[in-house]
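**Q** By UniProt numbering, the letter at position 2 of the sequence shown is numbered 2, and the numbering carries on one by one without gaps.
Using N, Cα and C, we set each Cβ at its ideal position, and we do this for glycine too.
Quantities reported herein were computed from a predicted structural model and do not represent experimental measurements.
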Amino acid sequence: MIRNTLKSQIVPRTYERCQHTSKLDVIRDKLKEGPGLADFVSEDRPKNWDEYEGKLKREKGEAERLRLPPWLKTTIPTGSKFSEIKEQLRSLKLSTVCEEARCPNIGECWSGGKHGMSTATIMLMGDTCTRGCMFCSVKTSRKPPPLDPAEPRNTALAIHQWGLGYIVLTSVDRDGK
């Protein structure tokens, strides 16, 4: 009974869109006009799986190693920009997720790829993580080496020198530190 009287006394509200919503609408429109999945999928994959002549699965008892299909193969990283970034990483004693996690796209990212915008992901706090995630290729140890006190300065120097399109900063996990 009380509920029914309250319902009849409640005045319906009209809601105004907040100012952030219009900004979100603009972003959503840009995303709709952006690239789709087809822009990222390799052109050399077969259009029809019946056309693929390689093997995707070993038969029982076969010991021969399967080869990667051509659309999963990457070229060996080369190029002046790639070599320059790698040399600077070594001289500044910095680590990247790209190298530590053995990313197959490292050459394309560091060299600028199709669009000419180079990218890199610097891994802070060294190259050794205290976690042992099964999906990750980053080196693990319960007692990693001590942190490098020059790392913040070296990271800033690398970012300044590289002139990349953008840089992502991430870090290893140091449980208990």
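For Leu124, does the three-state DSSP call read helix, strand or coil?
**A** The residue given as residue 124 occupies position 124 in the sequence shown. The answer is strand: DSSP assigns Leu124 an E or B state.
**Q** CB-CB under 8 Å to Lys139, same chain, minus the five flanking residues each way: which ones, in chain order?
**A** Along the sequence shown, one-based indexing puts residue 139 at 139. Excluding sequence neighbours, Lys139 sits near Glu100, Asp127, Thr128 and Cys129.
**Q** Closest by CA to Arg102, which one among Gln88, Lys93 and Ile76?
**A** Position 102 of the sequence shown, counted from the first residue, corresponds to residue 102. Residue Ile76 is the option with its Cα nearest to Arg102.
**Q** So the alpha helix (DSSP H) Ile85 belongs to, where does it begin and stop?
**A** The sequence position of residue 85 within the sequence shown is 85, counting from 1. Ser80 to Leu92 is the span of the alpha helix (DSSP H), which, as asked, contains Ile85.
**Q** Taking 7 Å as the limit between beta carbons, can you name the residues of its chain near Leu157, skipping five residues before and five after?
**A** For the purposes of this step, residue 157 is identified with residue 157 of the sequence shown, where counting begins at 1. Counting only Cβ-Cβ distances below 7 Å, and skipping sequence neighbours, we find Leu92.
**Q** With a threshold of 8 Å, are at least 3 pairs of Cβ atoms found where one atom belongs to the segment 61–69 and the other to the segment 79–97?
**A** With a cut-off of 8 Å, the segment 79–97 and the segment 61–69 do not count as touching, because too few Cβ pairs lie within range.
**Q** Between the alpha carbons of Trp110 and Pro35, how many angstroms are there, rounded?
**A** The sequence position of residue 110 within the sequence shown is 110, counting from 1. The sequence position of residue 35 within the sequence shown is 35, counting from 1. So the two alpha carbons sit approximately 21 Å from each other.
**Q** For Ser118, does the count of other Cβ atoms within 10 angstroms reach 16, so buried, or fall short, so exposed?
**A** Reading the sequence shown from its first residue, position 118 is the one you call residue 118. With 16 or more other Cβ atoms within 10 Å, it is buried.
**Q** I'd like the span of the alpha helix (DSSP H) that includes Leu157, first residue to last.
**A** Within the sequence shown, numbered from 1, the residue matching residue 157 stands at position 157. It spans Glu151 to Trp162 - the alpha helix (DSSP H) in which Leu157 sits, taken as one unbroken run.
**Q** So Ile167 is in the alpha helix (DSSP H); what residue range does that whole segment cover?
**A** Looking up residue 167 in the sequence shown gives position 167. From DSSP, Ile167 is part of no alpha helix (DSSP H) but of the beta strand (DSSP E) over Tyr166 to Ser171.
**Q** Going along the chain, which residues of its own chain have a beta-carbon closer than 6 Å to the beta-carbon of Asp175, five neighbours each way excluded?
**A** Locating residue 175 in the sequence shown gives position 175, counting from the first residue. Contacts found: Thr130.
**Q** What is the DSSP secondary structure of Lys57, counted as helix, strand or coil?
**A** One-based indexing of the sequence shown puts residue 57 at position 57. Note: Lys57 maps to coil in three-state DSSP.
**Q** For Val168, count neighbouring C-beta atoms within 10 Å of its own C-beta (all shown protein chains included) and say buried if the count is 16 or more, exposed if not.
**A** Here residue 168 corresponds to residue number 168 of the sequence shown, with the count starting at 1. When all chains shown are included, Val168 counts as exposed.
**Q** With a threshold of 16 other CB atoms inside 10 Å of the CB of Trp71, please say whether the residue is buried or exposed.
**A** In the sequence shown, residue 71 corresponds to position 71, counting from 1. Exposed: under 16 other Cβ atoms inside 10 Å.
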